[in-house]
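What follows is a short report on a single structure.
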Amino acid sequence: MIPKLKLFLSVYAVFIFQSVLHSEEIAAETLRFKTLNAVRTETAPLIDGNIDDEVWTKAKPVDDFLQFEPYNLVPASVRTEVRVMYDDDNLYIAFKNFDPDPSSVMKRMSRRDDYEVIGEQTDWVGFGLDSNNDDLTGYWFMLSAAEVQLDVSINETGGWRNMYDPSWDAVWDGKTSTHSEGWSAEIRIPFNVFQFTKDSEQVWGGTFQRGYYANQEQIQWPGRTKGSRGMIPHYGVISGIKDIPQPNSLELVPYVLAGQTQSDEINQETNLGLDLRYNINSSTTLNMTFNPDFGQVEADPSVLNLSAFETRLDEKRPFFVQGANFFNSWLNIFNSRRIGRRPSFIEPSTGDIIDRPNETTILSAAKILGQTSSGVKYGVINALTNEEFGTREYDIDGETKREKFLVEPFANYFVGRATKPIINELSAIGFMTTDLKRNGFKDIARSFKGDWLINLLDNKLVFTGEVGTTINDAETGFGGRYRVSYRNPVLWEFVTWGGFLDDKWNVSAMGFQQKNNNWYSGARLSLRRDQPKGVFINQNLNFRLWISGLHNGLLTRNNFEIESENRFTNYWRFGFQVELNPQTYVDDDIYRDSRAVIIKDEAWQEYNIWFSTDTRKNFVIRPWYKVNKGDGISNTFRDDQIEYGVELNLKPTNYINFSINSSIENRAGFMQWVDIVENSNGKFEDSDGRYDIIYAKTKREQINTRLRMNIAFNPKMTFEAFYQPFNVDMDYKDYYRLNEERTFKTSSFNYSGNENFKIDNQRGTFVYRWEFRPGSLLYLVYNLNDNNYFSDQDNEWSQSKSNSLFVKFDYFFQP
């Protein structure tokens with residue numbers, strides 16, 4: 094099989110290479126010097142989507158748009174005109190979008206910030222602004238023909254994975270209208286949305302774009318090559334903005350909440366809170382939240398985690414997501430999910446915890462983001478959490494008692510970061526620190542790191558890195574990483590990276606960490622073809638090598654991966670992934686129990702294949718199939734593992750979107766950790782005596798389904814539903830004890846326990862959302878959290894649930 098795979102991949106790579114070898118690299122460096130002149134107006138235009146107001150004739154339009162998709166830097170097939178005006182308080186933007194068939198303008202409705210719909214399945218206009226004119230930070234806005242809004246903040250220093258922050262929501266207005274020549278859009282954005290310098294004459298970066306659904310064109314001004322890195326460095330110039338007064342400095346959003354939560358008993362809840370945004374000056378913003386509530390945020394999905402490590406969950410709470418890109422770290426020294434997590438710091442000396450809150454109450458939090466006139470960017474987050482109590486159950490003198498105990502003390506979380514430009518406007522050095530203090534405890538949990546971002550050769554060569562230290566009581570740890578990449582604008586990109594953590598590295602108090610005491614390195618070569626040719630619109634082929642190990646010389650990963658994605662002219666997609674893993678060592682179990690040892694894994698391969706039908710259509714299907722195969726020779730760690738699933742997306746009308754993502758996982762024969770058993774004839778020994786390390790051949794059947802439904806009654810009123818039934822049947826078939834460390838030589842063991850279990854969970858979030866005035870929202874929310882666990886050992890089901898229904902009212906105003 095492997096020789097045939099090598100032949101196929103060689104032919105495929107040559108095909109991509111030859112397809113682009115003779116492509117001309119268009120010199121697009123001059124595009125970013127295109128200039129649009131904004132005009133001051135004394136009379137504000139009426140924002141109704143019709144740009145026939147006489148006031149718009151004062152602004153000279155730009156119309157020299159170029160295609161980005163599908164034919165890069167080719168003149169657009171339709172004409173687009175953009176005009177920009179301003180007054181003391183607002184920026185005004187008008188798009189006139191010519192269309193030979195105005196009846197074909199697609200107006201698919203969706204919730205706000207749904208890029209999958211707004212960006213691919215409707216006609217839209219968009220624009221990006223670099224108000225600091227620093228080529229690193231900016232904003233992106235979109236308005237669909239159905240008047241659905243999308244806005245994100247952009248930070249180029251976060252890398253492409255963290256460049257966009259879709260949780261950033263500004264209060265702005267946009268209207269559209271359809272006419273005999275096509276359709277138009279009018280937009281008003283207050284200046285207090287932006288950060289900018291105090292200069293009397295402003296020079297901003299800017300780009301204007303349009304999505305032309307009928308031809309699936311994305312057209313841009315000033316235009317940029319597909320192979321170029323980043324977004325903001327390719328913006329054009331917006332001039333003419335002069336003498337802007339200090340924007341309105343204070344925004345307040347108080348909220349009131351009422352509802353009930355049902356667990357073992359029904360609890361009535363009422364709550365009050367406040368969000369505050371204050372512009373300290375035109376380039377520095379303070380955000381504060383008092384007694385925040387995030388009940389409208391989608392529930393975390395159910396997962397089965399049998400590993401030695403915690404599951405990393407996405408941050409979805411708006412206060413912590415907004416601006417989070419500035420605090421991102423490859424060393425993971427800050428994970429905002431630590432703030433408000435389920436209380437667990439204190440364990441009772443005797444007895445068992447039978448009840449504790451699901452989360453720690455956040456009393457208040459503050460965030461400052463700003464920039465000095467010299468280009469230094471800075472940010473601070475500080476959060477105060479309340480003390481929390483749990484219930485413990487214990488026996489004394491033959492009597493069972495219950496009592497409250499402190500499970501989490503008052504705590505203060507702090508993170509600060511600053512960056513300073515060096516060499517050029519796209520390069521910077523930075524510093525970041527975190528600190529956690531708990532009331533009544535003298536433990537120390539701090540971290541520090543320095544980082545750098547060096548962009549050279551017109552942003553083609555990028556060198557980034559971090560070095561850091563952690564301090565936890567008397568232990569000090571060290572870590573570091575680097576990444577070097579070169580991106581050829583036409584054909585290829587090469588990336589190499591590496592890093593290490595010593596055995597004292599520990600960021601678990603405020604960051605995220607699974608392992609320490611390791612090193613890693615890797616490289617990736619990407620081939621791509623961006624211009625349509627033959628049956629393909631574009632193609633990508635990646636080769637990736639990843640090696641990691643322990644500081645004692647043992648390899649824990651030796652992975653080679655090949656990945657490809659292809660988009661056809663009928664807008665179907667097809668992809669595959671091949672992963673080859675020679676035999677290495679596994680140190681996971683030593684993080685479960687200090688008595689565990691390093692073992693040797695089996696050599697294995699994984700194959701994944703998928704395709705997707707045309708995402709423009711009302712019915713889209715994306716099936717996939719994955720198989721994980723052990724070699725069956727070097728070890729007996731795993732048998733074949735099979736996982737398959739399908740994602741369906743149905744859009745019966747322009748107002749309703751329904752999706753199902755269901756997967757089935759069958760794992761038979763996987764060797765799973767069980768326990769350590771004291772045994773006088775055990776294979777291992779410590780100061781307490783001899784013991785055995787027990788594993789078991791397991792059979793897992795897992796069904797994971799995620800259903801989503803979005804109904805958009807209009808751009809300001811939506812209903813969103815997320816529902817996840819999650820079922821697992823886990824059987825432990827045969828038990829073994831490990832005979833020797835750094836191997837996986839085992840022998841049968843008569844284990845007395847019964848580890849078999851079943852899981853039947855239901856999670857869901859159902860949200861009715863109405864923006865009844867700009868920035869002011871009414872939520873009606875039902876949260877479903879029903880968890881059921883069956884233990885063969887106890888032969889009974891145990892249930893825990895926390896279902897809530899509430900109404901939340903947010904009111905935005907500027908005093």
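Numbering (the working numbering), first residue to last: 94 to 908.
All C-beta atoms, glycine included, are put in the ideal place defined by N, C-alpha and C.
Just so we're clear, the structure is a prediction, and the values are computed from it rather than from any experiment.
- Under the three-state reduction of DSSP, Ser197 is assigned to helix.
- In terms of Cα proximity to Lys494, the closest of Ser429, Thr443 and Asn364 is Thr443.
- Excluding five sequence positions before and after Trp590, the CB atoms of its chain that fall closer than 6 Å to its own CB belong to Arg576 and Gly615, given in chain order.
- Membership of Gly275 in the beta strand (DSSP E) is indicated by the continuous run Gly275 to Pro283.
- Annotation: Asn711 to Asp528 spans about 50 Å, alpha carbon to alpha carbon.
- As summarised for the stretch 699 to 752, the continuous beta strand (DSSP E) elements at least 3 residues long and confined to that stretch are 712 to 723 and 734 to 746, given in chain order.
- For the 8 Å CB-CB criterion, Asp386 and Lys901 form a contact.
- Assignment of His272 by DSSP, reduced to helix, strand and coil, places it in the strand class.
- Judged by beta-carbon spacing, Gly323 lies beyond the 8 Å limit of Val583, meaning their Cβ atoms are not closer than that value.
- Inclusion of Asp785 and Phe837 in the CB contact set at 8 Å is not warranted, their separation being larger than that value.
- Taken atom to atom, the span from the alpha-carbon of Asp707 to that of Tyr664 is near 5 Å.
- No residue range can be given for Ile325, since it is assigned to no beta strand (DSSP E) and is classified by DSSP as neither H nor E.
- Contact check for Lys693 against Arg835 passes: the beta carbons are separated by less than 8 Å.
- Phe883 is bridged by DSSP to Lys851 and Trp890.
- Taken atom to atom, the span from the alpha-carbon of Val330 to that of Phe284 is near 18 Å.
- Around the Cβ of Arg539, a 10 Å sphere holds 16 or more other Cβ atoms; the residue is buried.
- Bounds of any alpha helix (DSSP H) do not take in Val171, whose DSSP letter is neither H nor E.
- DSSP, reduced to helix, strand and coil, places Ala131 outside both helices and strands of the structure shown, so it counts as coil.
- Taking C-beta atoms under 8 Å as the contact rule, Gln817 and Arg856 qualify, at a distance of about 5 Å.
- With a cut-off of 8 Å on Cβ pairs, the stretch 156 to 176 is in contact with the stretch 305 to 316, counting three or more such pairs.
- Approximately 4 Å separates the beta-carbon atoms of Phe593 and Trp612; this is inside 8 Å, confirming the contact.
- Residue environment for Val396: exposed (fewer than 16 other C-beta atoms within 10 angstroms of its C-beta).
- Within the stretch 375 to 440, the alpha helix (DSSP H) runs of at least 4 residues that lie entirely inside it are, in chain order, 411 to 414.
- Using a Cβ distance threshold of 8 Å, Lys597 and Glu568 count as a contacting pair.
- In the displayed model, Asn364 falls within a strand according to three-state DSSP.
- Here the C-alpha atom of Val671 lies approximately 22 Å from the C-alpha atom of Gly762.
- Closest by C-alpha distance to Ile439, out of Thr484, Val500 and Leu124, is Val500.
- Looking at the DSSP output, Thr478 bridges to Ile455 and Ala504.
- Here Gln302 is actually not in contact with Gly212; their C-beta atoms are around 10 Å apart, not less than 8 Å.
- In the structure shown, Arg204 falls within a coil segment according to DSSP collapsed to helix, strand and coil.
- The shortest C-alpha to C-alpha distance from Asn820 to any of Asn881, Tyr471 and Ser601 is the one to Asn881.
- When the Cα atoms are used, Val414 and Val286 turn out to be separated by approximately 17 Å.
- Each residue's CA atom was taken as its position, placing Ser840 and Ile787 some 10 Å apart.
- Residues Tyr579 and Leu618 of the same chain have their beta carbon placed closer than 6 Å to that of Phe587, with the five preceding and five following residues left out of the count.
- In this structure the stretch 341 to 360 does not lie against the stretch 198 to 210, because fewer than three pairs of beta carbons, one per stretch, are closer than 8 Å.
- According to the DSSP assignment, Gly543 belongs to the beta strand (DSSP E) that extends over Ala538 to Leu549.
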